[in-house]
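Visitor: The sequence shown begins at 4 in our numbering and counts up by one. For glycine and all other residues, C-beta sits at the position ideal for the given N, C-alpha and C.
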Amino acid sequence: MGTGIDDRADDRFARLTAREQEVTVLLAQGASAKSISQILGLSPRTVDCHASSIIRKLGARNRTHAVALAVHAGIVTPALDLDGLLRRRSRPSALAAAQATTPVVA
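#1: Please classify threonine 80 as buried or exposed, where buried requires at least 16 neighbouring CB atoms within 10 angstroms.
#2: Could you give the residue range of the alpha helix (DSSP H) that holds serine 56?
#3: Pick helix, strand or coil for leucine 43, following the three-state DSSP scheme.
#4: Pull up the distance between the alpha-carbon of lysine 37 and that of threonine 20, whole angstroms please.
Printed below as a string of structure tokens:
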């Protein structure tokens with residue numbers, strides 16, 4: 004049964020340049036092209052070019068799919084900032100309720 008994720012993606016990450024790998028990690032953290040450009044000292048257009056190259060090299064459909072491939076391959080592990088999500092949500096009670104019903108794994 005397939006997962007919808009290409010298991011050959013692991014091999015494709017070897018084709019990414021060091022800069023493309025940096026951009027992939029930042030995309031996985033949810034950074035926008037503008038914020039990535041500020042972090043890496045590039046223009047937003049250059050970041051977009053790197054993202055397009057990443058998508059092409061990985062055989063992804065879009066940036067989100069490229070990040071999913073990276074997570075599946077274990078290349079990146081995005082951090083989930085639940086406190087940050089609670090502060091930004093317009094309806095924090097919905098997320099808080101979801102947290103309360105989520106089992107804690109020790």
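Guide: With the structure as the only source:
#1: Residue numbering aside, residue 80 sits at position 77 when the sequence shown is read from its first letter. It is exposed - the Cβ of threonine 80 has fewer than 16 other Cβ atoms within 10 Å.
#2: Indexing the sequence shown from 1 puts residue 56 at position 53. Under the DSSP assignment, serine 56 falls in the alpha helix (DSSP H) whose first and last residues are 47-61.
#3: In the sequence shown, the residue the question calls residue 43 occupies position 40. In the three-state DSSP reduction, leucine 43 falls in the helix class (H, G or I).
#4: For this step, residue 37 is matched to residue 34 along the sequence shown. For this step, residue 20 is matched to residue 17 along the sequence shown. Counting only the Cα atoms, threonine 20 lies some 20 Å from lysine 37.
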